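S.K.: First, the structure itself, so that you have it in front of you.
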Amino acid sequence: MDKKFPAIDWKRADALIALALEEDLAGDGDTTSNSVIPENIDAKAVLKCKEDCVCAGIDIARRAFRAVNDSIFFTPAVKDGDFCPSGTVMAEIKGKARSLLTAERTALNFFQRLCGVATMSRRYAEAVAAYPTLILDTRKTTPGWRNLEKYAVAVGGSSNHRIGLYDRILIKDNHRELAGLEGKNSISRSVERARKAFPALKIEVEADTLNEVKEAAEAGADYILLDNMSNKEMAEAVKINAGCAKLEASGGITLERIPSIGALGVDFISCGALTHSVKAIDISMDIVPL
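Residue 197 in the numbering used here sits at position 197 of the sequence shown, with consecutive numbering throughout.
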């Protein structure tokens, strides 16, 4: 059975595709293709990856091509979540040559980046596979792309953290300071206020020290974020917490550290690198006339 992934917001995705095409085609459109290639020429093309990757966004690529010309035939050769060795043909496309070339860059911009996110996600998930710890993404996403990038994270095998500021409370030191709650019992008072204001939401507290871990656990936080702690500090935090809250390691996380952090017994490891530092996968479109 195929794995189920989070839903893509197609209304938002189609709007992003339209915006991207507008950037490319403002004014006189694809002047090169329209002046050099006869209007009636049909062509076929393949999308091929030039490096190992995890496929994500194949339907985004399809919709980008069909947004230019809805008579284009786009046939996926792989599906989202598939591992694709270098040289894999990922899709076959047929249609008017002008339309294929006009849509090429927009489609690849989406597809290459989303495959990059999924591939990075897979690497991180595999690094902690020996432990029950889950890899989480963050809100460090490309503006406007959050739904797509979090989808790609899930496709790669990691998990989604909160979607925005609205679906979980995360109390950081800046919140406590600006609320006038810095100092003794600031965490417990912040948790109390948040619980009263939004009783249905889970509450997470950022802890920079082991004392803050203790206070957050005693305050009834649902999650505690261990911010930029060493492995030794996190091991102690696991003992102090004693199963009261779910623990999330965050800050200074690298792929090399992932296995050792997973071995400590934390529940989650959050990594901004899943989305903010991703390299687009090298995918090309090879085209020939019919």
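Glycine residues also receive a C-beta, built at the ideal position from the N, C-alpha and C atoms.
Note that the structure is a prediction, hence the values are computed from the model and not measured.
#1: Out of L165, K50 and L25, which has the shortest C-alpha to C-alpha gap to C112?
#2: Identify whether C53 lies in helix, strand or coil by the three-state DSSP scheme.
#3: Given this structure, state the Cα-to-Cα distance separating R105 from H276, to the nearest angstrom.
#4: Using CA atoms only, rank isn't needed, just tell me which of E177, S71, T119 and S159 is closest to P132.
#5: For Y166, count neighbouring Cβ atoms within 10 angstroms of its own Cβ and tell me buried if that reaches 16, exposed if not.
#6: CB-CB under 7 Å to A221, same chain, minus the five flanking residues each way: which ones, in chain order?
#7: If you drop the 5 nearest sequence neighbours on each side, which residues of the same chain put their C-beta closer than 6 Å to that of E182?
#8: Based on Cα-Cα distance, which residue from G57, I269, E248 and G265 lies nearest to T254?
#9: Is the Cβ-Cβ distance between Y151 and A7 less than 9 Å?
#10: Please classify N241: is it buried, with 16 or more other beta-carbons within 10 angstroms of its beta-carbon, or exposed?
#11: Among the candidates L101, V238, A207 and K214, whose CA atom is the shortest distance from the CA of L225?
#12: May I have the straight-line CA-CA distance separating L101 from S33, to the nearest angstrom?
#13: Return helix, strand or coil for I169, following the three-state DSSP convention.
#14: Could you give the distance in angstroms between the alpha-carbon of E233 and the alpha-carbon of R146?
#15: Checking contacts by CB at 9 Å: is I283 closer than that to chain C?
#16: Helix, strand or coil for I287, going by three-state DSSP, please let me know.
#17: Could you give the distance in angstroms between the alpha-carbon of A296 and the alpha-carbon of N185?
#18: Looking only at its own chain, which residues have a Cβ that is under 8 Å from the Cβ of M1, when we skip the five neighbours before and after it?
#19: What is the rounded straight-line gap between the Cα of G87 and the Cα of K48?
#20: By how many angstroms is the C-alpha of A127 removed from the C-alpha of R193?
#21: Check this for me: beta carbons of V288 and A103, under 9 Å apart or not?
#22: Let's test the definition: count the other Cβ atoms within 10 Å of the Cβ of L149 and tell me whether it reaches 16, buried, or not, exposed.
#23: What is the DSSP secondary structure of T32, counted as helix, strand or coil?
#24: To the nearest angstrom, how far is it from the Cα of S35 to the Cα of A77?
#25: Relative to the C-alpha of K92, which residue among G81, I58, M120 and D80 is closest?
#26: Taking 9 Å as the threshold (C-beta atoms), are T138 and C271 in contact?
#27: Unbroken beta strand (DSSP E) runs of length 3 or more, entirely within the region 170–242: which are they?
#28: Report the three-state DSSP secondary structure of V46 (helix, strand or coil).
#29: For E126, list the residues DSSP reports as bridge partners.
#30: Could you name the residues of the same chain whose beta carbon sits closer than 7 Å to that of I281, not counting the 5 residues immediately before and after it, in chain order?
M.R.: A quick look at the data gives this:
#1: It should be noted that the sequence gives Gln, not Cys, for residue 112. Nearest of L165, K50 and L25 to Q112, Cα basis: K50.
#2: In the structure shown, C53 falls within a strand segment according to DSSP collapsed to helix, strand and coil.
#3: When the Cα atoms are used, R105 and H276 turn out to be separated by approximately 21 Å.
#4: With distances taken between Cα atoms, P132 lies closest to S159.
#5: Counting the other CB atoms within 10 Å of its CB gives Y166 a total below 16, which places it among the exposed residues.
#6: Apart from the 5 residues on each side of it in sequence, A221 sits with its Cβ closer than 7 Å to the Cβ of V191, I203, E204, V205 and A245 in its chain, given in chain order.
#7: Excluding sequence neighbours, E182 sits near R176.
#8: Nearest C-alpha to T254: I269.
#9: Against a cut-off of 9 Å, the Cβ pair of A7 and Y151 comes out as a contact.
#10: By the 10 Å Cβ count, N241 comes out buried.
#11: Put simply, of L101, V238, A207 and K214 the residue whose alpha carbon is nearest the alpha carbon of L225 is A207.
#12: The C-alpha of L101 lies about 7 Å from the C-alpha of S33.
#13: Reduced to three states, the DSSP call for I169 is strand.
#14: Taken atom to atom, the span from the alpha-carbon of E233 to that of R146 is near 32 Å.
#15: Looking at the structure shown, chain C is missing, and only one protein chain is on hand.
#16: Reduced to three states, the DSSP call for I287 is strand.
#17: An answer regarding residue 296 cannot be provided, because it is not within the stretch 1 to 290 covered by the chain.
#18: A caution first: M1 carries a pLDDT of 36, below 50, which makes its placement in the model unreliable, though a value can still be read off. Contacts found: none.
#19: Looking at the two C-alpha atoms, the distance is approximately 6 Å.
#20: R193 and A127 have their C-alpha atoms some 38 Å from each other.
#21: Contact annotation: V288 and A103 have beta-carbon atoms that are not nearer than 9 Å.
#22: Sequence inspection shows Glu at residue 149; the Leu mentioned does not correspond to that position. When all chains shown are included, E149 counts as buried.
#23: Here T32 carries a helix assignment [DSSP, helix/strand/coil].
#24: Spanning the two alpha carbons is a distance of roughly 32 Å.
#25: This sequence places Glu at residue 92; Lys is not what is there. Closest by alpha carbon: I58.
#26: The answer is yes: Cβ separation under 9 Å.
#27: Listed in chain order, the complete beta strand (DSSP E) runs (minimum 3 residues) inside the region 170–242 are 203–207 and 223–227.
#28: When secondary structure is reduced to three states using DSSP, V46 falls in the strand class.
#29: Answer by DSSP bridge pairing: none, since E126 is not bridged.
#30: Closer than 7 Å at the Cβ level, and outside the excluded window around I281, lie C49, E51, C53, Q112, C115, G116 and T119.
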